Amino acid sequence: MHQILFQLGHYTVRSYGLVVLLAIFLGTQVAITFARFTAKKFEEHIVPLTYTVVIAALIGARFWQVFFFEPSYYLRHPLDMFAIWQGGLGIQGGIVGGIIAGVWYCRHHKIPFWEIADLLAPAIIFGQGIGRIACLLNGDAFGSPTHSGFGLVYPPGTFAYSTYGSQPLWPAEVWEGQADMIIFAVLLTLLRMKLPTGVLFLTYNILYSTLRFGLEFLRGDSPRYLFSWTAAQWTSAGVIIVCLVIMGWIISRRNAKVMKRVVV
Numbered sequence: 002m003h004q005i006l007f008q009l010g011h012y013t014v015r016s017y018g019l020v021v022l023l024a025i026f027l028g029t030q031v032a033i034t035f036a037r038f039t040a041k042k043f044e045e046h047i048v049p050l051t052y053t054v055v056i057a058a059l060i061g062a063r064f065w066q067v068f069f070f071e072p073s074y075y076l077r078h079p080l081d082m083f084a085i086w087q088g089g090l091g092i093q094g095g096i097v098g099g100i101i102a103g104v105w106y107c108r109h110h111k112i113p114f115w116e117i118a119d120l121l122a123p124a125i126i127f128g129q130g131i132g133r134i135a136c137l138l139n140g141d142a143f144g145s146p147t148h149s150g151f152g153l154v155y156p157p158g159t160f161a162y163s164t165y166g167s168q169p170l171w172p173a174e175v176w177e178g179q180a181d182m183i184i185f186a187v188l189l190t191l192l193r194m195k196l197p198t199g200v201l202f203l204t205y206n207i208l209y210s211t212l213r214f215g216l217e218f219l220r221g222d223s224p225r226y227l228f229s230w231t232a233a234q235w236t237s238a239g240v241i242i243v244c245l246v247i248m249g250w251i252i253s254r255r256n257a258k259v260m261k262r263v264v265v
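Note that the sequence shown covers residues 2 to 265 in the working numbering.
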């Protein structure tokens with residue numbers, strides 16, 4: 002783990018910020034490629050939409066981290082709320098912020114939200130997978146102690162070390178990044194199928210939320226609430242329920258249209 006990559010004079014280049022920028026860039030390139038070959042009408046919107054969504058996602062992700070994951074720390078260090086380059090972004094808050102910004106952008110430019118959301122879903126999870134490398138290098142989003150010889154041992158100076166010392170911890174962020182790439186492959190396969198508009202994006206949310214819910218049992222960096230669930234698990238459960246309801250409505254609506262054509 003390397004929190005600081007190198008110095009440029011008095012400027013410190015941190016691995017977290019650099020990898021997050023790389024994740025955004027690569028995710029955008031994936032979206033542009035998909036748009037070019039499958040939905041060319043959206044190609045001109047990818048870059049400006051990305052700027053809009055990324056800004057809102059960063060705000061949402063930081064909000065989630067500060068108020069749901071580490072409120073006690075940021076109450077003691079309020080100025081650190083703005084130091085996002087040092088780490089601390091709640092992915093789920095980023096998704097919520099990004100969706101809100103995406104809906105606003107689509108309404109403003111009069112383009113169908115669900116269509117472009119389906120297009121962007123694989124690119125989003127791809128970027129998330131790359132982004133988890135930032136967490137590993139920064140020593141955050143870490144797991145709880147494994148109580149065995151297996152696990153990641155974080156160096157002094159990381160939040161993980163200050164929490165658990167040199168104990169081996171579950172590689173939660175590593176496994177999440179790997180599983181994100183599996184979800185990316187699944188979405189690529191589904192992208193070629195004729196699914197109802199919006200189902201692919203909802204599938205992405207359901208798959209990622211299910212993954213996150215399970216991995217949270219191994220996490221050691223978040224406070225726990227009712228049922229000993231973390232904020233991420235409660236968020237995941239809510240997202241899964243909402244997405245299943247919307248997906249059921251979309252599919253039933255399409256089936257009703259098909260039946261209407263058959264009857265006519």
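A virtual CB, placed ideally from N, CA and C, is assigned to each residue, including glycine. All values derive from a computational prediction rather than experimental measurement.
- Thr198 sits away from Glu71, with the two beta carbons spaced by 7 Å or more.
- Excluding its 5 nearest sequence neighbours in each direction, Ile134 has C-beta neighbours in its own chain below 6 Å: Val20, listed in chain order.
- When DSSP states are grouped into helix, strand and coil, Pro113 belongs to the coil group.
- Annotation: the stretch 126 to 153 contains no complete segment of the beta strand (DSSP E) (minimum length 3 residues).
- Membership of Arg213 in the alpha helix (DSSP H) is indicated by the continuous run 200 to 216.
- For the options Ser223, Trp171, Gly150, Ser167, the alpha carbon positioned closest to that of Gly158 is the one of Ser167.
- Taking each of Val54, Gln8, His3, Phe26 in turn and checking the Cα distance to Tyr17, the smallest one comes out for His3.
- Spanning the alpha carbons of Tyr74 and Phe143 requires a straight line of approximately 16 Å.
- In the structure shown, the three-state DSSP call for Thr29 is helix.
- Beta-bridge partners of Gln234 (DSSP): none assigned.
- The Cβ-Cβ distance between Ala36 and Phe43 falls below 7 Å.
- Rounded to the nearest angstrom, the gap between the Cα atoms of Met82 and Gly61 is 12 Å.
- Separation of Leu153 and Tyr162 (C-alpha to C-alpha, rounded to the nearest whole angstrom) is 11 Å.
- In the DSSP assignment, Gln179 falls within the alpha helix (DSSP H) that extends over 173 to 192.
- Taking a C-beta distance under 7 Å as the contact criterion, Leu189 and Pro146 do not qualify as a contact pair.
- By the criterion of a C-beta distance shorter than 6 Å, Ser237 is surrounded in its chain by Ser210, Arg213, Phe214, once the five residues flanking it on both sides are discounted.
- A Cβ-Cβ contact shorter than 7 Å links Val54 with Gly99.
- Excluding residues up to 5 positions away in sequence, Gly103, Val104, Cys107, Arg108 lie with their Cβ nearer than 8 Å to the Cβ of Phe114 in the same chain.
- With contacts defined by Cβ atoms closer than 7 Å, Gly94 and Ala24 do not form a contacting pair.
- For Ile247, the closest of Trp230, Ala233, Thr204, Phe218 by C-alpha to C-alpha distance is Thr204.
- Beta-bridge partners assigned by DSSP to Ile5: Arg15.
- Trp250 places its beta carbon 7 Å or farther from that of Leu219.
- Using a Cβ distance threshold of 7 Å, Ala232 and Glu217 do not count as a contacting pair.
- DSSP places Leu196 in the coil class of the three-state scheme, outside both helix and strand.
- Setting aside the 5 residues that flank it on each side, Phe202 is surrounded in the same chain by Trp115, Ala118, Asp119, Leu121, Ala122, each with a C-beta closer than 8 Å to its C-beta; the list follows chain order.
- Judged by beta-carbon spacing, Gly91 lies within the 7 Å limit of Gln66, meaning their Cβ atoms are closer than that value.
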